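Novice: Residue numbers (numbering that gives the first Met the number 0), protein chains in the order written: chain Z, 0 to 428; chain P, 0 to 428.
2 protein chains.
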Amino acid sequence: MQRLSITDPGFETAFTRLVDGRRESDITVSQDVATIVERVRRRGDTALAEYTRRFDKHDLVDDADWCIAPEACRAAYEGLDAPLRDALDLAAQRIEAYHRDQLPADRDFTDGAGVRLGARWQPVDAAGLYVPGGRAAYPSSLLMNAIPARVAGVERLVVVTPTRGGESNPLVLAAAHLAGVDEIWCIGGAQAIAALAYGTERIARVDVVTGPGNAWVAEAKRQLYGVVGIDMVAGPSEILVIADGDNDPDWIAADLLSQAEHDPTSQSILITDDAAFANQVEDRVDTQSAQLATRTTAQASWRDNGVMIVVETLDQAIPLANRLAAEHVELAVADPSSLFAGLRHAGSVFLGRHTPEAVGDYVAGPNHVLPTGRRARFASGLSVLDFMKRTSFIELDPGALAAIGPAAVALAEAEGLPAHANSVSMRLK
Amino acid sequence: MQRLSITDPGFETAFTRLVDGRRESDITVSQDVATIVERVRRRGDTALAEYTRRFDKHDLVDDADWCIAPEACRAAYEGLDAPLRDALDLAAQRIEAYHRDQLPADRDFTDGAGVRLGARWQPVDAAGLYVPGGRAAYPSSLLMNAIPARVAGVERLVVVTPTRGGESNPLVLAAAHLAGVDEIWCIGGAQAIAALAYGTERIARVDVVTGPGNAWVAEAKRQLYGVVGIDMVAGPSEILVIADGDNDPDWIAADLLSQAEHDPTSQSILITDDAAFANQVEDRVDTQSAQLATRTTAQASWRDNGVMIVVETLDQAIPLANRLAAEHVELAVADPSSLFAGLRHAGSVFLGRHTPEAVGDYVAGPNHVLPTGRRARFASGLSVLDFMKRTSFIELDPGALAAIGPAAVALAEAEGLPAHANSVSMRLK
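(1) How many whole angstroms separate the CB atoms of Leu128/Z and Val157/Z, which I take to be in contact at a CB cut-off of 8 angstroms?
(2) If contact means a Cβ-Cβ distance below 9 angstroms, which residues of the region 337-351 of chain Z contact chain P?
(3) Output needed in chain order: residues of the region 211-238 of chain P with a Cβ under 8 angstroms from some Cβ in chain Z.
(4) Assuming Ser4/P contacts Ile67/P under a Cβ cut-off of 8 angstroms, what Cβ separation, rounded to an integer in Å, is found between them?
(5) Following the continuous beta strand (DSSP E) through Glu237/P, name the residue where it begins and the one where it ends.
(6) Ordered along the chain, which non-local residues of its own chain (more than five positions away) have a Cβ less than 8 angstroms from that of Ala411/P?
(7) Assess, as a yes-or-no matter, whether the region 360-376 of chain P is touched by the region 224-235 of chain P under the definition of 3 or more beta carbon pairs within less than 8 angstroms.
(8) Could you please give me the residues that DSSP links to Met307/Z through a beta bridge?
(9) Using the rule of at least 16 other Cβ atoms within 10 Å of the residue's Cβ for burial, across every protein chain shown, is Gln290/Z buried or exposed?
(10) For Ala136/P, does the three-state DSSP call read helix, strand or coil?
(11) Could you compute how far the alpha carbon of Ala345/Z sits from the alpha carbon of Leu400/P?
(12) For Thr354/P, go through chain Z and note every residue whose CB falls closer than 8 angstroms to its CB, in chain order.
(13) For Gln121/Z, which of helix, strand or coil comes out of DSSP?
(14) Could you give the first and the last residue of the continuous beta strand (DSSP E) run that contains Lys388/P?
(15) So Ala331/Z packs on Asn246/Z, CB below 8 angstroms; how close in whole Å?
(16) In angstroms with no decimal places, state the Cα-to-Cα distance between Cys185/P and Gly117/P.
(17) Using a C-beta to C-beta distance shorter than 8 angstroms, which residues of chain Z count as neighbours of Arg106/P?
(18) Taking 8 angstroms as the cut-off, does the region 255-270 of chain Z touch the region 300-307 of chain Z (at least 3 CB pairs, one atom from each stretch)?
(19) By the three-class DSSP mapping on this structure, what secondary structure does Arg42/P have?
(20) Would you identify the three-state DSSP class for Phe108/Z, choosing helix, strand or coil?
(21) For Ala196/Z, count neighbouring Cβ atoms within 10 angstroms of its own Cβ and tell me buried if that reaches 16, exposed if not.
(22) List, in chain order, every chain Z residue whose beta-carbon is nearer than 8 angstroms to that of Gly455/P.
(23) Based on the DSSP output, what are the partners of Gly461/P in its beta bridges?
(24) Spell out whether any CB of chain P is found under 9 angstroms from the CB atom of Arg93/Z.
(25) Contact between the region 341-360 of chain P and the region 85-97 of chain P is defined here as three or more beta-carbon pairs at a separation below 8 angstroms; is this criterion met?
(26) In angstroms, rounded to a whole number, what distance separates the CA positions of His98/Z and Pro355/Z?
(27) Report yes or no: do three or more beta-carbon pairs, one from the region 196-213 of chain P and one from the region 26-46 of chain P, lie closer than 8 angstroms?
(28) To which residues of the same chain is Ala277/Z closer than 7 angstroms at the C-beta, ignoring the five residues directly before and after it?
(29) What is the DSSP secondary structure of Ala363/P, counted as helix, strand or coil?
(30) Considering only residues of the same chain and omitting the five flanking positions on each side of Ala173/P, which have a CB-CB separation below 6 angstroms?
(31) What is the DSSP secondary structure of Ile35/Z, reduced to helix, strand or coil?
(32) Grab the span of the alpha helix (DSSP H) containing Ala420/Z for me, first residue to last.
(33) When you check each C-beta in the region 32-57 of chain P against every C-beta of chain Z, which residues fall closer than 7 angstroms?
(34) Starting from the Cα of Pro131/P, find the closest Cα among Ile192/P, Asp31/P and Asp19/P and give me that residue.
(35) Can you find a CB in chain Z that lies within less than 9 angstroms of the CB of His419/P?
(36) Give the single residue among Asp107/P, Gly165/P, Ser140/P and Arg119/P whose Cα lies nearest to the Cα of Asp55/P.
What follows is the structure, given as structure tokens:
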């Protein structure tokens with residue numbers, strides 16, 4: 000864990016290093032992924048079966064090997080303990096309600112020159128969702144990816160997920176049932192992304208691919224960007240907690256650890272104006288982390304990537320927060336409004352002392368798929384818009400063309416595009 | 000030019016080949032671009048000067064070599080002939096008005112569980128616009144990229160443009176003045192994209208890079224996606240005209256040629272229910288194209304990529320149009336409303352007989368940067384949203400946390416993330 004104070008002479012250098020530091024794994028998988036993608040493109044299901052046998056130790060022979068049936072998902076949902084099923088229901092309802100309000104309005108109007116203009120939003124035909132296998136198979140991620148697609152009106156919702164040795168996670172299947180997933184294919188890795196993008200004999204191609212994955216999955220999405228739409232390539236998770244000394248240090252320590260337990264490359268940062276409070280939090284992080292079932296990961300993350308920054312006043316925290324552009328920002332103060340007003344770059348913000356980031360991971364409603372690695376400077380969390388596209392439209396009558404057509408002719412001629420000019424001027428005669 | 004009829008036995012095969020055909024140039028520049036990007040990242044302005052000397056025959060020594068001053072842009076604007084200046088003004092006004100209506104609304108509400116939820120949109124800090132050199136330096140493209148950024152509220156607007164031998168296009172400078180561009184750097188190619196993404200000694204980095212370019216520029220954007228935000232990677236332009244036999248064949252021929260004159264890889268497609276009309280249009284394309292200053296390009300495009308499809312009824316055109324997902328679609332019929340209602344995938348639609356696509360290139364108002372190469376299945380034209388990002392926010396008081404917190408605890412425990420659960424359950428005591 001790194002400790003900085005804004006009054007240190009070396010602060011600016013150390014903070015700049017923090018902002019510019021990359022925590023992404025540097026595995027170069029580009030060539031491997033290109034080979035896999037090309038092979039799935041050319042050989043379809045045969046290539047999928049080969050890679051799945053090799054990487055997931057799973058033989059794709061019968062339909063039952065390839066797909067998980069909707070009945071299995073329903074059975075998994077119905078088999079959940081009631082409190083857990085209720086929690087999943089509540090999460091799904093709240094996520095759906097929040098995302099339903101994101102549906103964009105169409106436009107259709109005629110302006111002063113008599114030109115009819117507008118824009119029409121429509122869902123994509125089909126969306127593919129990647130769900131990682133093993134420990135990282137989170138039902139909450141499935142809901143956060145599938146529900147916005149469903150709200151957008153996507154007709155065909157396809158999940159791909161590696162099932163090592165044929166094993167799948169019943170909680171994920173339950174979530175798939177709840178979200179109304181149409182197909183679940185037992186494939187993973189770069190080969191699954193290629194199958195979604197190009198289609199194979201069994202799997203019809205989709206239009207958009209979202210969802211988290213390892214370095215191979217991320218690189219496949221990057222390489223296929225343009226063949227399909229993709230969500231932002233995600234890096235390790237991160238939290239920035241801005242807290243005064245009046246917080247319970249145990250609460251803040253738990254918030255820092257909730258990011259740290261995700262992955263050793265996750266990053267938890269505390270900025271406070273109270274050095275004694277920072278000491279208390281550090282102490283509680285050590286105490287709490289020792290008791291976690293996830294302690295190996297959480298302790299490694301905190302040791303290697305944890306940061307505590309002491310400032311003189313919390314106002315100084317905001318320019319630092321804007322440079323960090325963190326995925327999650329907690330403003331743990333009595334009245335967060337003025338700090339929030341100055342915050343320019345953040346994926347999602349958690350206001351006040353009673354809003355732990357984890358409520359946003361599960362049940363608050365806004366999406367938990369958020370820009371990481373300083374990308375909140377330019378990117379947004381996943382939304383209904385990622386599963387829709389906008390078509391603009393224009394309609395002129397002869398009067399409207401007479402009003403604006405001559406300017407188009409002048410500009411086309413100036414750009415050296417005479418056929419553009421002709422197509423307008425012929426209609427002006 | 001390829002001619003198909005829906006009643007041909009081989010139609011489905013030929014049409015599928017058309018839909019799946021790639022017109023992108025297959026130059027593999029990936030390794031070259033990776034080298035350039037890495038060198039600009041490490042060596043900054045030194046690398047920029049070397050590449051600019053080599054590729055653009057332009058020496059970057061003094062400030063005047065590096066930058067085009069705002070005064071030069073103002074002088075270029077004031078030096079335009081009055082009709083051309085008026086046309087540029089009209090275009091800028093109409094583009095601005097259309098895009099101002101795209102500004103998204105923030106959300107801030109408290110739901111039935113007492114949870115405050117919302118989303119706040121803010122512009123990125125800085126945007127970089129690529130403007131190609133030479134013939135493809137279009138002032139209309141500068142307006143279409145710069146004005147949405149300005150409307151979004153972007154504070155710093157940076158243009159990069161190669162100035163071969165130090166030459167720049169006065170119309171582009173005039174458009175830069177009109178759009179309020181803050182900086183113009185005389186650099187181009189992959190090296191310019193790398194400079195915008197990483198920053199150099201002279202050039203501060205930006206957050207989003209948009210604008211058209213050659214294969215090197217497109218590949219650099221693809222490689223730097225995630226370091227900066229980018230707009231969709233663009234391929235060759237295309238138009239699909241759906242027309243009945245009551246159109247003036249000269250008008251439709253001009254519309255087809257207005258795409259063909261862009262580039263030999265551009266594609267113009269006519270679908271009509273009148274075979275005799277198709278013959279007339281073919282004839283007029285030949286006549287008109289012979290008289291164009293752009294005939295070499297237009298004739299090559301029409302010969303190699305032009306398509307005419309005869310259908311039995313125009314209703315049959317719509318499923319074909321949805322598979323083509325063209326950048327531009329004209330519906331040249333008396334009442335286009337029912338055809339338009341069935342159209343699912345198109346970048347921009349031009350309704351009726353008096354709406355040539357070229358009015359959309361210049362003065363209608365909607366953006367002319369549109370998804371190409373069937374990407375209208377999942378992508379939209381450039382908009383104000385490309386220069387903004389959304390931050391979600393959540394605020395709970397103890398009552399709201401008591402209402403939804405227990406579900407978060409249950410889900411966190413089920414996912415094996417105890418620190419997530421702790422951060423909520425501690426606050427519930």
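Idealized CB from N, CA, C, for every residue including glycine.
Note that the coordinates shown come from a computational prediction; the quantities given were computed from them, not determined experimentally.
Specialist: Here's the rundown:
(1) 7 angstroms
(2) Phe339, Leu342, Arg343, His344, Ala345, Gly346, Ser347, Val348, Phe349, Leu350 and Gly351
(3) Arg221, Tyr224, Gly225, Val227, Gly228, Met231 and Val232
(4) That pair is no contact at about 53 angstroms.
(5) Annotation: the continuous beta strand (DSSP E) that includes Glu237/P extends over Glu237 to Ala242.
(6) These residues qualify, in order along the chain: Pro417, His419, Ala420 and Val423.
(7) yes
(8) Under DSSP, Met307/Z shares a beta bridge with Arg2/Z and Leu269/Z.
(9) Counting other Cβ atoms within 10 Å of its Cβ, Gln290/Z stays below 16 and is therefore classed as exposed.
(10) coil
(11) 23 angstroms
(12) Residues of chain Z passing the Cβ test: Ile393, Glu394, Leu395 and Leu400.
(13) strand
(14) Met387 to Glu394
(15) The Cβ separation is near 5 angstroms, so the contact holds.
(16) 42 angstroms
(17) Asp100
(18) yes
(19) helix
(20) strand
(21) buried
(22) Given a span of 0 to 428 for chain P in the structure shown, any question on residue 455/P remains unanswerable.
(23) Since the first residue of chain P shown is 0 and the last is 428, residue 461/P is not available in this structure.
(24) yes
(25) no
(26) 21 angstroms
(27) yes
(28) Leu269, Thr271, Met307 and Val309
(29) coil
(30) Ala75, Tyr76 and Leu79
(31) Ile35/Z: helix per DSSP, three-state reduction.
(32) Pro417 to Leu427
(33) none
(34) Ile192/P
(35) yes
(36) Gly165/P
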